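All remarks here apply to the structure that follows.
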Amino acid sequence: MMTADNVLDGNAAAGPLLEIFSVDLTAAHGRCDECGRVCALAETVLYNHAPGLVIRCVGCDAVLLRLVDNGTRAWLDLRGLSYLQIDRAQ
Amino acid sequence: MGFFSSGFSGRGRSDNPDLPPGQYLTESFPVLSAGPTPRIATDDWEFTIATETGKVHRWNWAEFRALPAEDVTTDIHCVTSWSKLGTGWRGVSLDTLFSGVETSAEFTMAHSYGGYTTNVPLDDLLGGKAWVAFDFDGEALEPEHGGPARLLVPHLYFWKSAKWVRGIRMMQSDDPGFWEQNGYHLRGDPWLEQRYW
Ligand SMILES: [Zn+2]
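Residue numbers (this note's numbering), protein chains in the order written: chain P, 253 to 342; chain W, 4 to 200.
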């Protein structure tokens, strides 16, 4: 994967995603629809110096998740994930 | 807006007539990026315009740089609310690049190295309003700012000025690009504050 400045690990997406969902999605495991790699969202690469939040695969740089929030409406694009595995609280 | 960092740290001057509504002045040049920075050697670079008939017009770097270039001084306006006034660029006008292109399509999709896309109506690219820029402030455009070359469409929000541009594809309909699929406005005129759908 190419090196990049100004990125965070996906763990930093916890707050923004909690505003949309009631569970901490960064603990969920997602499968990259491009290369098949499965990893926790917390372990992905987050680009937030951008007009939205972009989470990319650590294996192939493909976009996994996009989130745009204008304060009154949010748009979530998950098409880069073939699934999200969410472990329910026991 | 919401919780996104714009990389902006400047002071607002809402009384400045050069500032569109909701914008703040910055002296720095924040780097916004939705992905890793591609490092494209000019030897490997090419720019294409593909029309609706399938015809593809191509320029390698030498051919591109042999085209007449223009110095452009312009204000730029990022949708994350910073504006930078009087920026200096050098680039090839889209009028020059389109001079031998036959098309009846009214819309375009700009494609970048790294996979970014943004849709721009053809009318917004022609008429001395847009360039493929290769210099900033008298220096070769750095990769962080879109070098070797980026689209420069300064009358629209800066997300339309695609960094690392590699080509333009003509479209019969105004299909949305990378951000326009997720809430951002199809056209993005900062003076009309066209930020979102
Ligand atoms: Zn992947």
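Note that the Cβ used here is the ideal one computed from N, Cα and C, for glycine as well. It should be emphasised that the depicted structure is a prediction, and the values quoted were computed from it without experimental measurement.
Between which residues of its own chain and residue i is the CB-CB distance below 7 Å, once the five residues before and five after are set aside?
i, result
"Glu295 (chain P)", "Asp261, Gly262, Val310"
"Leu129 (chain W)", "Leu97, Asp98, Phe101"
"Val259 (chain P)", "Val297, Leu298, Tyr299"
"Ile272 (chain P)", "Ala326, Leu328"
Does any residue of chain W bring its CB to less than 8 Å from the CB of residue i?
i, result
"Gly304 (chain P)", "yes"
"Arg318 (chain P)", "yes"
"Asp261 (chain P)", "no"
"Asp329 (chain P)", "yes"
"Tyr195 (chain P)", "Residue 195 (chain P) cannot be examined here, being either before or after the span of chain P that is shown, 253 to 342."
"Asp285 (chain P)", "no"
"Arg308 (chain P)", "yes"
"Asp276 (chain P)", "no"
"Asp313 (chain P)", "yes"
Can you find a CB in chain P that lies within less than 8 Å of the CB of residue i?
i, result
"Thr83 (chain W)", "yes"
"Arg198 (chain W)", "yes"
"Trp64 (chain W)", "no"
"Tyr187 (chain W)", "yes"
"Pro151 (chain W)", "no"
"Gln184 (chain W)", "yes"
"Leu125 (chain W)", "no"
"Ser36 (chain W)", "yes"
"Pro193 (chain W)", "no"
"Arg190 (chain W)", "no"
"Pro39 (chain W)", "yes"
"Asp18 (chain W)", "no"
"Gly5 (chain W)", "Confidence at Gly5 (chain W) is low in this model, with a pLDDT of 44, below 50, so its placement is unreliable and no value can be given for it."
"Trp162 (chain W)", "yes"
"Ser8 (chain W)", "Residue placement at Ser8 (chain W) is flagged as unreliable, the pLDDT there being 48, under the threshold of 50; the coordinate-derived value follows with that caveat. Yes, because at least one Cβ of chain P sits closer than 8 Å to the Cβ of Ser8 (chain W)."
Does the distance from the C-beta atom of residue i to that of residue j stay below 8 Å?
i, j, result
"Pro24 (chain W)", "Glu196 (chain W)", "yes"
"Pro151 (chain W)", "Thr45 (chain W)", "yes"
"Leu35 (chain W)", "Leu28 (chain W)", "no"
"Leu159 (chain W)", "Asp127 (chain W)", "yes"
"Thr120 (chain W)", "Glu55 (chain W)", "no"
"Asn185 (chain W)", "Arg318 (chain P)", "yes"
"Arg198 (chain W)", "Asn322 (chain P)", "yes"
"Gly304 (chain P)", "Val320 (chain P)", "yes"
"Phe181 (chain W)", "Cys81 (chain W)", "no"
"Phe67 (chain W)", "Val95 (chain W)", "yes"
"Arg42 (chain W)", "Pro146 (chain W)", "yes"
"Glu73 (chain W)", "Trp134 (chain W)", "yes"
"Leu333 (chain P)", "Asp285 (chain P)", "yes"
Below 6 Å CB to CB, which residues in the same chain sit around residue i once its five sequence neighbours on both sides are set aside?
i, result
"Ala53 (chain W)", "Val59, Arg172"
"Met4 (chain W)", "Per-residue confidence for Met4 (chain W) stands at a pLDDT of 38, beneath the threshold of 50, marking its modelled position as unreliable; the derived number appears in the next sentence. Contacts found: none."
"Val290 (chain P)", "His281, Arg283"
"Ile338 (chain P)", "Ala280"
"Ile79 (chain W)", "Lys87, Thr90, Pro157, Phe161"
"Met254 (chain P)", "Its pLDDT being 49, under 50, Met254 (chain P) is placed unreliably by the model, and the measurement read from it follows with that caveat. Excluding positions up to five away in sequence, the list is empty."
Is residue i helix, strand or coil when you go by DSSP?
i, result
"Gly288 (chain P)", "coil"
"Lys87 (chain W)", "strand"
"Phe273 (chain P)", "coil"
"His281 (chain P)", "strand"
"Leu35 (chain W)", "coil"
"Ala266 (chain P)", "helix"
"Pro20 (chain W)", "coil"
"Arg68 (chain W)", "helix"
"His301 (chain P)", "strand"
"Asn337 (chain P)", "What sits at residue 337 (chain P) in the sequence shown is Gln, not Asn. In the structure shown, Gln337 (chain P) sits in a strand (DSSP, three-state: E or B)."
"Ala44 (chain W)", "coil"
"Glu183 (chain W)", "helix"
"Asp74 (chain W)", "strand"
"Phe137 (chain W)", "strand"
"Phe50 (chain W)", "strand"
"Trp201 (chain P)", "No answer is possible for residue 201 (chain P): it lies beyond the span of chain P, which begins at 253 and ends at 342."
"Glu109 (chain W)", "coil"
Using a Cβ-Cβ cutoff of less than 8 Å, which residues in the same chain neighbour residue i once the five nearest sequence positions on both sides are dropped?
i, result
"Thr278 (chain P)", "Gly262, Asn263, Ala265, Ala266, Leu269, Ala292, Leu293, Ala294"
"Tyr335 (chain P)", "Gly282, Arg283"
"Ala108 (chain W)", "Thr54, Glu55, Leu125, Met173, Met174, Gln175"
"His148 (chain W)", "Phe32, Val34, Phe139, Lys166"
"Ala143 (chain W)", "Phe137, Gly150, Pro151"
Can you tell me whether residue i sits near ligand 3, meaning its C-beta is under 7 Å from at least one heavy atom of the ligand?
i, result
"Glu196 (chain W)", "Ligands present in the displayed structure are limited to ligand 1, and ligand 3 is not among them."
Does any residue of chain B bring its CB to less than 8 Å from the CB of residue i?
i, result
"Ala113 (chain W)", "Protein chains P and W are contained in the structure displayed, whereas chain B is not."
Quiz item: Looking at C-beta atoms only, is the number of pairs between the stretch 53–64 of chain W and the stretch 139–147 of chain W that lie closer than 8 Å three or more?
Solution: Under the Cβ criterion (8 Å, minimum of three pairs), the stretch 53–64 of chain W does not count as touching the stretch 139–147 of chain W.
Practice problem: Examine the Cβ distances between the stretch 157–165 of chain W and the stretch 98–111 of chain W and report whether three or more of them are shorter than 8 Å. | Solution: Under the three-pair Cβ rule at 8 Å, the stretch 157–165 of chain W does not count as touching the stretch 98–111 of chain W.
Quiz prompt | Three-pair Cβ contact test at 8 Å for the stretch 105–119 of chain W versus the stretch 169–178 of chain W | solution = Taking one beta carbon from each stretch, the stretch 105–119 of chain W and the stretch 169–178 of chain W have 3 or more pairs nearer than 8 Å; the two touch.
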